[in-house]
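In the numbering used here, the protein residues as written are 421 to 702. Working notes, beginning with the structure itself.
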Ligand code: PAF
């Protein structure tokens, strides 16, 4: 496994692999690697000749009052995880190499970036998309792997890859959960013992919603989830919405494949989760 810290060096290595006919898989991360990331690495190892993991806490996707400075940084442990899982390259650029002071180009995805999480985190998706697109170009990736926990991020990146004709194929990967059902996330490390216990309710509530969805109308299911989420101790719900799986528009009674997406605060930690629900046709 090689650790590459320089943007041009990484791109040169990637271009050489492409010249040799290798297919490259990219797993973009902000570090603090967990079993969710390991599942993405494993998927790339099965499909790609070369697996690149990028570790970069991207400053431009954090708002001024968000957790950029306190975001968990566990580089030594991350490198061990990568080595154990047979990653070929870990790309760890410095902030001023990715975003020198004269960097002026940002990518926006109209509407999709302003709804759901985008309403509460202005500029977040502009920052995500800009850095991911740079990572596509630097790594020359044929495939790039994203967890479905960040469902809006996934859909936005799929749209970007299509709209801008990237050769990189976006590969969605299932949410990895703890035994309790809590979706694994680097930010779970912020949760206190009590909050961790409360957070277990989120998936339970979503699972109950999937059952209700089979027999009840969308408004009932949504209202019910909202009420239950609000009852979790110390919670503040940002949103609980049922959206079309394909384009994140609000679902209606005729939408067959929907996603129930939620975002809420538990104390000072913001969590997101979702579940896909498919209407059975009679
Ligand atoms: O999902 C994440 O960890 C980040 O948003 C990503 C895709 C690595 C971009 O910084």
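The C-beta atom is built at its ideal place from N, Cα and C for all residues, glycine as well.
For this session: Provide the residue(s) that pair with residue 661 in DSSP beta bridges, ordered along the chain.
Result: Residue 661 pairs with 681.
For this session: Mind checking which residues open and close the beta strand (DSSP E) that includes residue 563?
Result: 563–567 is the extent of the beta strand (DSSP E) around residue 563.
Exercise. If you run the structure through DSSP and keep just helix, strand and coil, what is residue 511?
Worked result: In the three-state reduction of the DSSP assignment, residue 511 falls in the strand class.
For this session: Flag this pair as yes or no: are the beta carbons of residue 423 and residue 499 separated by less than 9 angstroms?
Result: Yes, the Cβ-Cβ distance between residue 423 and residue 499 is below 9 angstroms.
Problem set entry | Three-state class that DSSP yields for residue 697 in the structure shown | Strand.
For this session: Given a cut-off of 9 angstroms, decide if residue 555 and residue 511 are closer than it, judged by their beta-carbon atoms.
Result: The beta carbons of residue 511 and residue 555 sit closer together than 9 angstroms.
Exercise. Which word fits residue 661, buried or exposed, when buried means at least 16 other C-beta atoms lie within 10 angstroms of its C-beta?
Worked result: Buried, because 16 or more other Cβ atoms sit within 10 Å of the Cβ of residue 661.
For this session: On a CA-only basis, which of 576, 614, 472, 628 is nearest residue 380? Give me that one, please.
Result: The chain is shown only over 421 to 702; residue 380 falls outside these bounds and no answer can be derived.
Problem set entry | Simplified DSSP assignment, three categories, for residue 692 | Note: residue 692 maps to strand in three-state DSSP.
For this session: Decide if residue 476 is buried, meaning its Cβ has at least 16 other Cβ atoms within 10 Å, or exposed.
Result: Counting Cβ neighbours within 10 Å, residue 476 comes out buried, since at least 16 surround it.
Exercise. Taking the C-alpha atoms as reference points, what is the distance between residue 417 and residue 440?
Worked result: Because the chain spans 421 through 702 in this model, residue 417 falls outside it and cannot be assessed.
For this session: Can you have a look at residue 700 and say buried or exposed, based on whether 16 or more other CB atoms are within 10 angstroms of its CB?
Result: Burial check for residue 700: the Cβ neighbour count within 10 Å stays below 16, so the residue is exposed.
For this session: Measure the alpha-carbon distance for residue 503 versus residue 438 and round it to whole angstroms.
Result: One C-alpha to the other measures close to 23 angstroms.
Exercise. Near residue 492, what residues of its chain come up, given a Cβ to Cβ distance below 7 angstroms and the 5 sequence neighbours on each side ignored?
Worked result: The beta carbon of residue 492 sits closer than 7 angstroms to those of 452, 606, 609, all from its chain and outside the five residues before and after it, given in chain order.
Exercise. Among 687, 430, 681, which one has its Cα closest to the Cα of residue 574?
Worked result: The shortest C-alpha separation from residue 574 is found at 681.
For this session: Could you pull out every residue in the same chain whose Cβ sits closer than 7 angstroms to the Cβ of residue 529, ignoring the five residues on either side in sequence?
Result: Cβ neighbours of residue 529 beyond the five flanking positions: 545, 549, 576, 579, 580.
For this session: Measure how close the beta-carbons of residue 602 and residue 654 come, nearest whole angstrom, since I'm counting them as under 8 angstroms.
Result: About 15 angstroms separates the two Cβ atoms, so there is no contact after all.
Exercise. With respect to 8 angstroms, is the separation between the Cβ of residue 570 and the closest non-hydrogen atom of ligand 1 below this value?
Worked result: Because some heavy atom of ligand 1 lies under 8 angstroms away, the Cβ of residue 570 counts as near it: yes.
Exercise. Which partner residues of residue 471 appear in the DSSP bridge assignment?
Worked result: According to DSSP, residue 471 bridges with 445.
For this session: Please look up how many angstroms separate the CB atoms of residue 659 and residue 536, rounded, as I've assumed it's under 8 angstroms.
Result: Between the beta-carbon of residue 659 and that of residue 536 there is about 6 angstroms, and that keeps the pair under the 8 angstroms contact cut.
Problem set entry | Anticipated Cβ contact below 8 angstroms, residue 509 with residue 433, distance rounded | Rounded, the Cβ-Cβ distance is 7 angstroms, consistent with contact.
Problem set entry | Proximity test, residue 567 beta-carbon vs ligand 1 heavy atom, cut-off 8 angstroms | Checking the Cβ of residue 567 against ligand 1 gives yes.
Exercise. Say the cut is 8 angstroms; is the CB of residue 559 nearer than that to a heavy atom of ligand 1?
Worked result: Because no heavy atom of ligand 1 lies under 8 angstroms away, the Cβ of residue 559 does not count as near it: no.
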